[in-house]
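Going line by line, the protein sequences match chains F and V.
To convert, note that position 378 of the first sequence is 377 in numbering that gives the first Met the number 0; the numbers rise steadily by one, no gaps.
To convert, note that position 372 of the second sequence is 371 in numbering that gives the first Met the number 0; the numbers rise steadily by one, no gaps.
Single-structure report; data block below.
2 protein chains.
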Amino acid sequence: MLESFKKHIASRLAFLNSSKLLIAISGGIDSVVLTHLCYKMGLNVALAHCNFNLRGEESDADEAFVLQFAEALDVEVFVENFDTKAYASDGKLSIQMAARELRYRWFEALATQLQFDYVLTAHHADDNLETFLINFTRGTGIEGLIGIPEVNDIFVRPLLPFSSQDILAYAKQNHLTWRDDSSNASTKYLRNKLRHEVIPVLKAINPTLLQNFQTTLNHLNDTIAIVDESMDAFLNKAIDNVSETSMTFKIAAFKEVENIKSYVYETFKIFGFTQWNDIENLLDAQSGKWVSSATHRLIKDRDFLLLSEIENAKPILQVILENASKIETPLGILNFEIVEGPQKSDSKTIFVDKDLLHFPLVIREKEEGDVFFPLGMQGKKKVSKYFKDEKFSLLDKEQARLLCSNNDIVWIIGKRADNRFKVTEKTKTILKITLE
Amino acid sequence: MLESFKKHIASRLAFLNSSKLLIAISGGIDSVVLTHLCYKMGLNVALAHCNFNLRGEESDADEAFVLQFAEALDVEVFVENFDTKAYASDGKLSIQMAARELRYRWFEALATQLQFDYVLTAHHADDNLETFLINFTRGTGIEGLIGIPEVNDIFVRPLLPFSSQDILAYAKQNHLTWRDDSSNASTKYLRNKLRHEVIPVLKAINPTLLQNFQTTLNHLNDTIAIVDESMDAFLNKAIDNVSETSMTFKIAAFKEVENIKSYVYETFKIFGFTQWNDIENLLDAQSGKWVSSATHRLIKDRDFLLLSEIENAKPILQVILENASKIETPLGILNFEIVEGPQKSDSKTIFVDKDLLHFPLVIREKEEGDVFFPLGMQGKKKVSKYFKDEKFSLLDKEQARLLCSNNDIVWIIGKRADNRFKVTEKTKTILKITLE
Numbered sequence: 000m001l002e003s004f005k006k007h008i009a010s011r012l013a014f015l016n017s018s019k020l021l022i023a024i025s026g027g028i029d030s031v032v033l034t035h036l037c038y039k040m041g042l043n044v045a046l047a048h049c050n051f052n053l054r055g056e057e058s059d060a061d062e063a064f065v066l067q068f069a070e071a072l073d074v075e076v077f078v079e080n081f082d083t084k085a086y087a088s089d090g091k092l093s094i095q096m097a098a099r100e101l102r103y104r105w106f107e108a109l110a111t112q113l114q115f116d117y118v119l120t121a122h123h124a125d126d127n128l129e130t131f132l133i134n135f136t137r138g139t140g141i142e143g144l145i146g147i148p149e150v151n152d153i154f155v156r157p158l159l160p161f162s163s164q165d166i167l168a169y170a171k172q173n174h175l176t177w178r179d180d181s182s183n184a185s186t187k188y189l190r191n192k193l194r195h196e197v198i199p200v201l202k203a204i205n206p207t208l209l210q211n212f213q214t215t216l217n218h219l220n221d222t223i224a225i226v227d228e229s230m231d232a233f234l235n236k237a238i239d240n241v242s243e244t245s246m247t248f249k250i251a252a253f254k255e256v257e258n259i260k261s262y263v264y265e266t267f268k269i270f271g272f273t274q275w276n277d278i279e280n281l282l283d284a285q286s287g288k289w290v291s292s293a294t295h296r297l298i299k300d301r302d303f304l305l306l307s308e309i310e311n312a313k314p315i316l317q318v319i320l321e322n323a324s325k326i327e328t329p330l331g332i333l334n335f336e337i338v339e340g341p342q343k344s345d346s347k348t349i350f351v352d353k354d355l356l357h358f359p360l361v362i363r364e365k366e367e368g369d370v371f372f373p374l375g376m377q378g379k380k381k382v383s384k385y386f387k388d389e390k391f392s393l394l395d396k397e398q399a400r401l402l403c404s405n406n407d408i409v410w411i412i413g414k415r416a417d418n419r420f421k422v423t424e425k426t427k428t429i430l431k432i433t434l435e
Numbered sequence: 000m001l002e003s004f005k006k007h008i009a010s011r012l013a014f015l016n017s018s019k020l021l022i023a024i025s026g027g028i029d030s031v032v033l034t035h036l037c038y039k040m041g042l043n044v045a046l047a048h049c050n051f052n053l054r055g056e057e058s059d060a061d062e063a064f065v066l067q068f069a070e071a072l073d074v075e076v077f078v079e080n081f082d083t084k085a086y087a088s089d090g091k092l093s094i095q096m097a098a099r100e101l102r103y104r105w106f107e108a109l110a111t112q113l114q115f116d117y118v119l120t121a122h123h124a125d126d127n128l129e130t131f132l133i134n135f136t137r138g139t140g141i142e143g144l145i146g147i148p149e150v151n152d153i154f155v156r157p158l159l160p161f162s163s164q165d166i167l168a169y170a171k172q173n174h175l176t177w178r179d180d181s182s183n184a185s186t187k188y189l190r191n192k193l194r195h196e197v198i199p200v201l202k203a204i205n206p207t208l209l210q211n212f213q214t215t216l217n218h219l220n221d222t223i224a225i226v227d228e229s230m231d232a233f234l235n236k237a238i239d240n241v242s243e244t245s246m247t248f249k250i251a252a253f254k255e256v257e258n259i260k261s262y263v264y265e266t267f268k269i270f271g272f273t274q275w276n277d278i279e280n281l282l283d284a285q286s287g288k289w290v291s292s293a294t295h296r297l298i299k300d301r302d303f304l305l306l307s308e309i310e311n312a313k314p315i316l317q318v319i320l321e322n323a324s325k326i327e328t329p330l331g332i333l334n335f336e337i338v339e340g341p342q343k344s345d346s347k348t349i350f351v352d353k354d355l356l357h358f359p360l361v362i363r364e365k366e367e368g369d370v371f372f373p374l375g376m377q378g379k380k381k382v383s384k385y386f387k388d389e390k391f392s393l394l395d396k397e398q399a400r401l402l403c404s405n406n407d408i409v410w411i412i413g414k415r416a417d418n419r420f421k422v423t424e425k426t427k428t429i430l431k432i433t434l435e
């Protein structure tokens, strides 16, 4: 394998020869073999090991193993300990996502600070095949079928053409030792089923499965290159405006293409949407109609689709566009009007600093954990506490509606405005909102 | 299943309700269930059964079963007997390909003659999934992963959203009987391995596998729509000229795109090529270089790529473009010159009617079965017979080279010209070819 590894580096990754490289090493067979191959080739490498402290003594034994391995090869090694569980719970991430984020962030920081040109990871052909099959069983698009990129920014995967069988053979031939990772049992279950039950049968059907898979990946990547090129051209025409929190798309651009659905899908797929028919219908819908994903909201606004990011999205009832003047709500009609000079808010009429609002505003019901800053009061208050203090009946509570900007409450409609949006000396544009 | 079948027809294939339909029925469970569903829905159907006479009594029993089934439902039925083996050997086709060709040809003829609007076939979701996996194990591009089209010209597959499980359940519920097909063992081996060993594990990993697969197919089809649209635009620019036997592509068009390889692949993949790097290199190669597939040849000609169809392609040694004036060959230099007035060919110099030639000409060795029409003789002669009559030594035979147009011999170079290309009264352009 050393010979074919050398050939592979020479033909496709020759830039590694003259680079300072950091190898991400877990202590498992793949990263141990990658390290050994790079060492044998005389590449300029150092090692980086993350101890995620998720498996107690086992994690520490992995760390000790990596330190020993580095010493045996006389290669520099960096080790970082993470409190992965705390990071996951702070960021509301799965343990797996948290570990991934910590790992990649640390590698990037190390590379920047210590001038490593590239970080090598030990993904191989079977990883790629398993990822393909996992995505396939879940349902995916072409982007889920094209595998892990060989080079992605500073991350390089030199083992991608090699099978786990190649890697095991090399490890045995070179009398290498490695650590088996018992973690990640749920992913392991899935990958193990594929590895032991599905892939062997596919290989029996076609012994050159992995090479054929490589052919497929190459063709799919070629196809993606064409899609990307034509999407770039399309988005150049379609995008009207981009701000920090939103993007505006011209509906006319979608109407010009032959297959609208395809362009809708390609344009919005990275924003977590799944209701493709609804989005297609949005093109011809009334202004103010919208479709949400877990992270984004797409709103019809005259000749445009307005895409905005939503944090911790809550179910919304209505959307209010920047140019709205009159909106019918279950509580009555809301009027919006730009006015001159500061005036005092009351329960039915509020005056807010328009520049502090992030349009589109939304109207929604109260949700668990809602907090606001009641106008005229110091500090914040739970909306549930406010309801209680104001002696709201159960019906009052159910019928209460919140006017929000980016999930911040602007107004408990018809009841109490929020301090954060009030008119101050700095206000340039005053928006008057009245409940009829 | 009848209800969901009705819904599917109503929502996606409503045109079937007012059409005259022919159902392709083998007697197997899938086509029996399709027939029964259409019958129950009251669609206007007739049946068409092919007896390929490949399994003796079994084939006849299938035919008898279909006749009986049609009578029980009181539905018109057409049966055709084919001598599939003879057709296969005549056309040098596999039995499977021959049966496929015969079947689709007959369906089309029936539909045309008897005014059927559509032909229904019983492909279902598991067929689609198996096809995906088979193509995947062989290595493919996106076109091998998008499944069987629901509607393709007059052919419609109304069972595509339904699984084999749905179909079996319906057959049992309705006490239907059907014939099991023992043929096609090699395909069956492959499909059986997938059906019994791979797909159940994938379904265990994800019980909604078939729905998720449908999602994947939809996304991939969306992607293909974008690729098709941009390839249409690209080919509009790239294609310079199309004749009955060839197409000319502007190399400049390939040089303008971002990812040349992708466009090379998408442009030429339907012509059976596999050497994508060679074709990419052709863009910058000398005029006269070429790459062949089993059916086509792509030749560099100045600023163009010339694609020509080749029947029963034989290995070629050299290619001669229309504008060539001097070509070095192992026999000496060939000179090409347009001349005025008729002159007499001899062994070293021939005069041919240029308009009868299909460029590019090729130079090749003699192959088994080669025949030509010796100039000045009546009728044709085997080249091997000519060699024998002329008392060619073994070395003479080995060194002999044939100048060919579309596989027809123009000249046994330096020896004897062919009658078919000689200059006549009708000749407008005389091409003089000399061997120095």
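Glycine included, every Cβ here is placed at the ideal spot set by N, Cα and C.
- If you check the CB distance, Asn173 of chain F and His35 of chain F come in under 8 Å.
- The secondary-structure analysis by DSSP pairs Asn151 of chain F across a beta bridge with F:Phe154.
- A residue is called buried when at least 16 other Cβ atoms come within 10 angstroms of its Cβ; Met246 of chain V meets this threshold and is buried.
- For Leu320 of chain F, no alpha helix (DSSP H) segment is defined, and its DSSP state is neither H nor E.
- Looking at the DSSP output, Ala85 of chain V sits in no beta bridge, so it has no partner there.
- Residue contact with chain F for Phe253 of chain V: absent (no Cβ-Cβ distance below 8 Å to any residue of chain F).
- Counted as a single uninterrupted DSSP element, the alpha helix (DSSP H) harbouring Ala237 of chain V occupies residues Leu208 to Ala237.
- When only Cα atoms are considered, Asp126 of chain V and Leu175 of chain V end up about 21 Å apart.
- At a cut-off of 4 residues, the continuous stretches assigned as alpha helix (DSSP H) that sit fully inside the stretch 250-295 of chain F are 250-255, 259-267 and 275-281.
- From the beta-carbon of Asn205 of chain F, the residues of chain V found nearer than 7 Å are Thr136 and Arg137.
- In this structure, the alpha-carbon of Ala124 of chain F lies about 18 Å from that of Ile24 of chain F.
- Closest in C-alpha terms to Tyr264 of chain F, from the list V:Leu193, V:Asn334, V:Asn217 and V:Gly41, comes V:Asn217.
- For Leu189 of chain V, the neighbours in chain F by C-beta distance under 8 Å run, in chain order, Ile204.
- The DSSP assignment places complete beta strand (DSSP E) segments of no fewer than 3 residues inside the stretch 344-395 of chain F at 348-352 and 360-363, in order along the chain.
- In the structure shown, Glu75 of chain V adopts coil according to DSSP, grouped into three states.
- Counting C-beta atoms within 10 angstroms of its own C-beta, Glu129 of chain V has 16 or more neighbours from the protein chains shown and is therefore classed as buried.
- In this structure, the beta-carbon distance from Leu281 of chain V to Lys260 of chain V does not fall below 8 Å.
- Within the same chain, and ignoring the five residues on either side of Leu208 of chain F in sequence, the residues whose Cβ sits closer than 7 Å to its Cβ are Leu201 and Lys202.
- DSSP places Asp407 of chain F in the uninterrupted beta strand (DSSP E) bounded by Asp407 to Ile411.
- Contact residues of the stretch 210-226 of chain F toward chain V are Gln210, Asn211, Phe212, Gln213, Thr214, Thr215, Asn217, His218, Leu219, Asn220, Asp221, Thr222, Ile223, Ala224, Ile225 and Val226 (C-beta to C-beta distance below 9 Å).
- Sequence-distant Cβ neighbours of Lys381 of chain V in its own chain, meaning closer than 6 Å and more than five residues away, are Val370.
- For Ala98 of chain F, the enclosing alpha helix (DSSP H) begins and ends at Ile94 to Gln112.
- Residue burial is scored here from C-beta neighbours: Pro373 of chain V has at least 16 other C-beta atoms within 10 angstroms and is therefore classed as buried.
- Using a CB distance below 9 Å, the part of the stretch 136-163 of chain V facing chain F consists of Thr136, Arg137, Gly138, Thr139, Gly140, Ile141, Glu142, Gly143 and Leu144, ordered along the chain.
- DSSP, read as helix, strand or coil, puts Ser307 of chain F in strand.
- Looking from the CA of Ile22 of chain F, the closest CA among F:Glu56, F:Ile411 and F:Ala69 belongs to F:Ala69.
- Collapsing the DSSP output to three states places Asn205 of chain V in coil.
- Shown here, Thr423 of chain V sits in coil according to DSSP, grouped into three states, outside any helix or strand.
- With a cutoff of 8 Å on beta-carbon distance, Gly331 of chain V and Leu234 of chain V are scored as not near each other.
- Residues of the stretch 240-264 of chain V that bring their beta carbon within less than 8 Å of a beta carbon in chain F comprise Val256, Glu257, Asn258, Lys260, Ser261, Tyr262 and Tyr264, in sequence order.
- For the stretch 343-374 of chain F, no residue has a beta-carbon sitting nearer than 8 Å to a beta-carbon of chain V.
- Inclusion of Asp354 of chain F and Lys421 of chain F in the CB contact set at 8 Å is not warranted, their separation being larger than that value.
- Of the residues F:Asp89, F:Val409, F:Leu159 and F:Ala45, the one whose Cα lies closest to the Cα of Thr348 of chain F is F:Val409.
- Non-local beta-carbon contacts of Gly378 of chain V in its own chain, meaning distances under 8 Å to residues more than five positions away in sequence, involve Phe372 in chain order.
- With respect to Arg137 of chain V, Asn205 of chain F sits close: the two C-beta atoms are nearer than 8 Å.
- DSSP places Ser404 of chain F outside any alpha helix (DSSP H); the residue lies instead in the beta strand (DSSP E), whose first and last residues are Leu401 to Ser404.
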